[in-house]
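393 is the number that this note's numbering gives the last residue of the sequence shown; the numbers go up by one with no jumps. Built from N, CA and C at the ideal position, the CB exists for glycine as well.
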Amino acid sequence: VWTGDVSIDLAPRCDPARVLVVDDDPCVLRTAIRVLTRAGLVVEQADSSAAAERKLTDHIFDVVLSDVHMPGISGLDLFQRARERDPDVQLILVTGAPELESALRSIEVGAYRYLTKPFGVEELGRVVTEAAAVHHAEQLKRSAMQRLEHKAAAKRELRENLAEVLATLFIAYQPIVEWSTRSIYAYEALLRARSEALPHPGAILSAAERLRSLPLLGSTIRARIAADLERCPVETVFANLHPSDLLDESLFSPTAPLSGVARRIVLEITERAALDGISDVRARIERLRELGFRIAIDDLGAGYAALASVAQLEPEIVKLDMSIIRGVDCSRPNQRLIKAIVAIARDAGAKLIAEGVETAAERDALLDLGCRMFQGFLFAKPAKDFPTVAW
Ligand SMILES: [Mg+2]
Numbered sequence: 003v004w005t006g007d008v009s010i011d012l013a014p015r016c017d018p019a020r021v022l023v024v025d026d027d028p029c030v031l032r033t034a035i036r037v038l039t040r041a042g043l044v045v046e047q048a049d050s051s052a053a054a055e056r057k058l059t060d061h062i063f064d065v066v067l068s069d070v071h072m073p074g075i076s077g078l079d080l081f082q083r084a085r086e087r088d089p090d091v092q093l094i095l096v097t098g099a100p101e102l103e104s105a106l107r108s109i110e111v112g113a114y115r116y117l118t119k120p121f122g123v124e125e126l127g128r129v130v131t132e133a134a135a136v137h138h139a140e141q142l143k144r145s146a147m148q149r150l151e152h153k154a155a156a157k158r159e160l161r162e163n164l165a166e167v168l169a170t171l172f173i174a175y176q177p178i179v180e181w182s183t184r185s186i187y188a189y190e191a192l193l194r195a196r197s198e199a200l201p202h203p204g205a206i207l208s209a210a211e212r213l214r215s216l217p218l219l220g221s222t223i224r225a226r227i228a229a230d231l232e233r234c235p236v237e238t239v240f241a242n243l244h245p246s247d248l249l250d251e252s253l254f255s256p257t258a259p260l261s262g263v264a265r266r267i268v269l270e271i272t273e274r275a276a277l278d279g280i281s282d283v284r285a286r287i288e289r290l291r292e293l294g295f296r297i298a299i300d301d302l303g304a305g306y307a308a309l310a311s312v313a314q315l316e317p318e319i320v321k322l323d324m325s326i327i328r329g330v331d332c333s334r335p336n337q338r339l340i341k342a343i344v345a346i347a348r349d350a351g352a353k354l355i356a357e358g359v360e361t362a363a364e365r366d367a368l369l370d371l372g373c374r375m376f377q378g379f380l381f382a383k384p385a386k387d388f389p390t391v392a393w
């Protein structure tokens with residue numbers, strides 16, 4: 003059964019139902035045990051209230067079948083004790099002399115049935131089996147409710163965490179440099195927030211994804227970048243798009259804050275976006291170009307269909323993923339791969355940026371391979387106030 007958030011497995015139970023039969027008449031006990039055992043139930047018996055209380059302490063029962071009148075305790079009081087241990091336990095009251103008062107009290111304690119002696123053995127078997135099925139269903143319902151409550155609580159907490167992120171988020175900027183002129187070509191805008199619960203952009207994005215708040219997060223970030231642009235010392239800023247941003251109409255709105263400065267913005271799209279089942283991705287990219295945005299393919303080389311995405315999206319800029327940059331001075335395979343991508347980018351008329359450059363040896367190897375633009379800790383770490391570069 004699918005309740006929307008939690009599925010409940012209603013497969014037949016594999017363990018037999020357990021019944022406690024309480025009666026001080028040995029003849030009734032014998033008959034009940036024979037009938038119920040034959041019906042496939044596990045039966046425990048008690049011929050006194052003290053014995054019944056012991057059984058209730060030691061075992062869990064689906065059904066308690068009890069005589070109304072027991073020496074020392076009434077069947078109804080016994081039911082109340084059983085209910086305190088398991089609120090779902092089903093109670094069946096048996097009496098030889100039906101009285102209005104005990105009938106009313108059995109309704110009050112929520113007894114499943116009130117059986118009047120004499121009753122047929124078939125009726126007894128059927129009623130107890132039904133009561134056991136009701137107990138099983140009640141327990142499934144209770145555990146499903148608990149799971150739903152846990153899920154709701156976790157979601158509430160996640161929502162509070164994301165609200166904290168939205169309240170404290172800021173953008174850090176990392177320079178993208180042109181080595182030959184020792185100049186800053188652009189800055190990449192990177193999401194940052196002061197949140198212990200969601201300490202890095204990956205955690206923030208996956209929280210927003212789970213809460214279906216990616217459009218809100220994306221438009222908040224883009225508005226912040228547009229506001230920061232006034233302070234930016236160079237013309238161009240690179241902004242990362244999440245693949246799902248391409249499905250958000252507010253990205254394409256000419257009146258959105260970032261659209262107003264589109265000519266200064268390069269939108270970075272991971273190659274994943276081209277493959278993530280966004281069917282009209284090319285048409286969407288064209289709409290962004292019409293607004294004035296340029297497009298960069300981000301993280302190129304990290305995925306399996308890297309070059310296909312260059313062909314499909316015809317980006318103005320291609321960014322090599324740091325996974326193929328790291329240690330490139332010592333890796334012949336990565337050098338060959340980068341050489342091939344440099345040729346393809348040149349052929350396609352796209353600029354190439356090597357990301358994640360951390361050592362002078364990596365930089366020099368990349369220069370030898372034909373890379374001219376770099377980004378990485380070697381030049382500057384991301385920081386709020388458009389950091390400068392120590393050449
Ligand atoms: Mg990026």
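message = Only counting the same chain, and skipping five residues up and downstream in sequence, which positions put a Cβ closer than 7 Å to that of N163?
response = Position 161 of the sequence shown holds residue 163. Contacts found: S197, A199, L200, A209.
ask   = Around ligand 1, which residues pass a check of Cβ closer than 6 Å to any of its heavy atoms?
value = E190, N242, E270, D300
message = In whole angstroms, give me the CA-to-CA distance for H71 and T33.
response = As a working note, residue 71 is residue 69 in the sequence shown. As a working note, residue 33 is residue 31 in the sequence shown. If I take the Cα positions, the gap works out to 18 Å.
ask   = Excluding the five sequence neighbours on either side, which residues of its own chain have a C-beta within less than 8 Å of the C-beta of V263, listed in chain order?
value = In the sequence shown, residue 263 corresponds to position 261, counting from 1. Here the set comprises A228, L231.
message = Taking only three categories from DSSP, how would you classify A154?
response = In the sequence shown, the residue the question calls residue 154 occupies position 152. A154: helix per DSSP, three-state reduction.
task = Let me know if W393 comes out buried or exposed under the rule of 16 or more other beta-carbons within 10 Å of its beta-carbon.
result = One-based indexing of the sequence shown puts residue 393 at position 391. W393 is exposed by the Cβ-count criterion.
ask   = Where in the stretch 98-133 do unbroken runs of the beta strand (DSSP E), each at least 3 residues long, occur, reported from the N-terminal end onward?
value = 115-118
query = First and last residue of the alpha helix (DSSP H) that includes R87?
reply = For the purposes of this step, residue 87 is taken as residue 85 along the sequence shown, with counting starting at 1. Run containing R87: 77-87, per the alpha helix (DSSP H) assignment.
query = What do you get for G378, buried or exposed, if any count of 16 or more other CB atoms within 10 angstroms of its CB means buried?
reply = To locate residue 378, count along the sequence shown from 1; it is residue 376. Per the 10 Å Cβ criterion, buried.
request  = Enumerate in chain order the residues of its own chain whose CB-to-CB distance from E316 is below 7 Å, with the five nearest sequence positions on each side excluded.
outcome  = The count along the sequence shown starts at 1 and reaches residue 316 at position 314. In chain order, A350 place their CB closer than 7 Å to the CB of E316, counting only its own chain and leaving out the 5 sequence neighbours on each side.
query = Which of the three DSSP states, helix, strand or coil, is assigned to L193?
reply = Reading the sequence shown from its first residue, position 191 is the one you call residue 193. Of the three classes helix, strand and coil, the one that applies to L193 here is strand, per DSSP.
key: Inter-residue spacing [alpha-carbon to alpha-carbon] between S182 and R374   = As a first step, residue 182 must be located in the sequence shown, where it is residue number 180. As a first step, residue 374 must be located in the sequence shown, where it is residue number 372. Taking the straight line joining both Cα atoms gives about 7 Å.
query = In this structure, does DSSP put D282 in helix, strand or coil?
reply = As a position in the sequence shown, residue 282 is number 280, starting the count at 1. Three-state result, D282: coil.
ask   = Rounded to a whole number of angstroms, what is the C-alpha to C-alpha distance between A382 and E190?
value = Along the sequence shown, read from residue 1 onward, the residue named residue 382 stands at position 380. Along the sequence shown, read from residue 1 onward, the residue named residue 190 stands at position 188. Cα to Cα, the separation comes out at about 12 Å.
Close beta carbons around P203, own chain, < 6 Å, minus the five adjacent residues each side = Residue 203 sits at position 201 when you count from the first residue of the sequence shown. The residues are L193.
query = Whose CA, out of I343, T170, R36, V167, lies closest to the CA of L368?
reply = For the purposes of this step, residue 368 is taken as the residue at position 366 of the sequence shown. By alpha-carbon distance to L368, the top candidate from I343, T170, R36, V167 is I343.
request  = Starting from R20, follow the beta strand (DSSP E) in both directions and report where the run begins and ends.
outcome  = In the sequence shown, counting from the first residue as 1, residue 20 sits at position 18. Run containing R20: 20-24, per the beta strand (DSSP E) assignment.
key: Stretch pair the stretch 54-68 + the stretch 79-98: three plus CB contacts closer than 8 Å   = yes
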